[in-house]
Amino acid sequence: MKTDTITASGSARVGTPPANGRWVNVVTVICWFGFFSEGYDMGSLGAVLPTLMADPVWRLSAASAGLIASAALLGMAIGAYSFGLLSDRIGRRRCYLTCLALFSTASGFAALAPAPWLLGALRFVAGVGIGGIIPVCAALTTEFAGKDGVNRQFAIMYSGYSLGIFASALVSYFLAAEMGWRIVIGLGAVPLLLLPFIARALPESLVFLVRKGLSAKAADLALRFGIELPSAEQAAPSSVEKPGLRALFSAGRSRATIGFWLATFFSMILVYGLNTWLPKIMRDSGYELGSSIMFLGVFALASSAGGVILGWLADRIGRSSAIILAFSAGAVAILLLSMHWPLAVTYGVVALAGLGTVAAAVMVTSYLSSYFPAGLRATAVGCCVSFSRLGAVCGPLIGAAIVQAGLPVAWNFYAFALIALFTGASILIVPQIAVQRAH
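Mapped onto my numbering, the consecutive letters of the sequence shown carry residue numbers 37 to 475.
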C-alpha cells in the first residue's frame, strides 16, 4: 500500500490555472542543464583518473588521487549548506546563476593547473558551486512542476547529472588517450557560454517573490506556468520558522531529518565512490582500458533512465518502497560485479548497479524536496546535501584505502554492496505520513 504519497507541501494556493507544459519545461530544462554540467564536472575526474595517475610528471599515488577527488566533495558540503540557506533568503535564481558561473570558471582554470595541490584547490572551489546548485535546482523544479508533474519533472531534471557523467566518459574515451586529461577537465567551462541566455530565461521562485511583496510578478508567473500562487501568509517566514538548521529539528521533523541525512550520507558514498573508482576497479579486474571507461558511461546512462523508471514505480508503490527496492537491487548488482562475466553481461550488471545507486539516490532527494514546507525546502535540501558530502568525501577515500592496503579488488564490491543495504534501511526511519507539498 502506498503510504508515503506526498501532495503539495504546506501551501494553500489560490487560482489554479491549467498547467502550461511549455513554460514548465523551461525551468526543468535549465535545471537539467545545471545538473548535466555538474555531472560532467564530477564525472570528468573519475573518467580521467587512470590517465591522471599514469601521468609521468605528477606520478600520483592512489591516496593523492583520492584526496584530489574528495576536495570537490568537501567544497560541495560548504556550497550546499550555504546556498541552500541563501536561496531561501535572497532568491533561487540569483543563487543558480552564481553557482553555475563559479564551478564552470573553476573547471576551466583546473585544466591549466601546474601542480596537484592547485588542481585540488580549484576542485574545492568548483565543489562549492556544484554543491550550491543542487538544492536550488531541486527547489525550483519542485515548485514549478505543478502538483501533478513533480515526480516526472524531478526525474527528468536529475537525469542531467547522469547524462553529464556519461558525456564525460565519452569525451575521455575519445580524447584522453590522444590529448591528455586536461582537455576533458577544461570542457567543464563550456556552460559559461550559455550563462547570459539562462539569466534571461530563468524565473524567480514564487514563494520568494510573494515573501518580498512582489505578488503581481508572482501572479503573472503562476499564470504562465499553470501553477498555484502561494498566499502571503504561507510564503511568510513565520509560517515555517526562520529557515535554518534549527527548523529542521523542530515541529516533529527530527526523525525525518535524521532518516534523510543518513540515507543521503550512505547514498553519496555509493555515488561518488563508484563514479570515481569504477573505471580503475574494472581495469584492475581484468577489463581493457576502453571497456573500463565505458563501464562508467553505461553506469551513468542507466542511472539517467533509471530515475524515470523509479519515478514511475514510486507513483504506484510509494517512494519509500521504491527506494528500498532500488538500493537492494543495487547491492545485488554490485556483488555480482565481484565475479567475472562475459562483457555483455557485465554491462547489464553495471546498468542495474547504476539504477540501484545513482537513480535511487535521486529518489531520496525527490522525496526530501517534497517532504518539507515550501519556505523551508531549499534549506532542508541544502543542509541534507551538505551533510551527505561527508559521505561523498568518504566514497573516493574508501576506494583509495582498499587500493593502498593491497586488498583484492573484490573488497571494493563487498564494501559498496553493504553500504547500499545501509542506505535502503535508513529511509525506514522517515515517518511515512501524507504531508502537503508547496510548489
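Glycine included, every Cβ here is placed at the ideal spot set by N, Cα and C.
Fair warning: this is a prediction, and the values are worked out from it, not measured in the lab.
Taking C-beta atoms as the reference points, I455 and L306 count as a pair closer than 8 Å. Its chain contains S73, L136, S140 as the residues whose beta carbon lies nearer than 7 Å to that of P227, once the 5 sequence neighbours on both sides are disregarded; these appear in chain order.
Taking a 10 Å sphere around the C-beta of F363, we find 16 or more other C-beta atoms and assign the residue as buried. Assigned with DSSP and collapsed to three states, Q468 falls in coil, not helix or strand.
DSSP, reduced to helix, strand and coil, places D91 outside both helices and strands of the structure shown, so it counts as coil.
Only residues of its own chain outside the window of five on either side were considered, and among them L245 have a CB closer than 7 Å to the CB of K253, listed in chain order. Looking at G127, S198, P92, the one whose alpha-carbon comes closest to that of G79 is S198. Counted as a single uninterrupted DSSP element, the alpha helix (DSSP H) harbouring F119 occupies residues 98-126. By the Cβ neighbour-count rule, S97 is exposed, with fewer than 16 other Cβ atoms within 10 Å of its own. Per DSSP, reduced to three states, the secondary structure at A213 is helical. The three-state reading of DSSP puts I263 in coil, since its state is none of H, G, I, E or B. Counted as a single uninterrupted DSSP element, the alpha helix (DSSP H) harbouring E179 occupies residues 152-180.
Counting of Cβ neighbours within 10 angstroms places R352 among the exposed residues, the total staying below 16. Assigned with DSSP and collapsed to three states, P409 falls in coil, not helix or strand. The shortest C-alpha to C-alpha distance from G366 to any of A387, A358, G392, G342 is the one to G392. In the displayed model, L238 falls within coil according to three-state DSSP, outside both helix and strand. Per DSSP, the unbroken alpha helix (DSSP H) holding F452 starts and ends at 446-462.
The beta carbons of I170 and L298 sit no closer together than 8 Å. Taking one beta carbon from each stretch, the region 413-421 and the region 379-399 have fewer than 3 pairs nearer than 8 Å; the two do not touch. Using a Cβ distance threshold of 8 Å, G165 and S422 do not count as a contacting pair. Under the three-state reduction of DSSP, F69 is assigned to helix. The residue from L332, V344, G354, S357 with its alpha-carbon nearest to that of T382 is L332. Per the coordinates, the alpha-carbon of I434 lies some 44 Å from the alpha-carbon of R247.
For R282, the uninterrupted alpha helix (DSSP H) segment begins and ends at 281-284. Of the residues D91, T64, Y132, Y117, the one whose Cα lies closest to the Cα of F180 is T64. Distance between Q468 and S357, taken at the CA atoms: about 10 Å.
Counting only the Cα atoms, V334 lies some 12 Å from L379. Between G167 and A113, the gap from beta carbon to beta carbon is short of 8 Å.
Under the three-state reduction of DSSP, L443 is assigned to coil, being neither helix nor strand. Straight-line spacing of the CA atoms in G347 and Q189 works out to 9 Å.
If you compare the alpha carbons of D77, I192, F408, W153 with that of G288, the shortest gap goes to F408. By the 16-neighbour rule on beta-carbons within 10 angstroms, V93 is exposed.
A distance below 7 Å between beta-carbons, with the five flanking residues on each side excluded, links A369 to the following residues of its chain, in chain order: V385, L388, A389, G392.
CA-to-CA, the gap between G309 and F233 works out to about 34 Å.
Between A336 and the set A205, R291, L231, the nearest pair of CA atoms involves A205.
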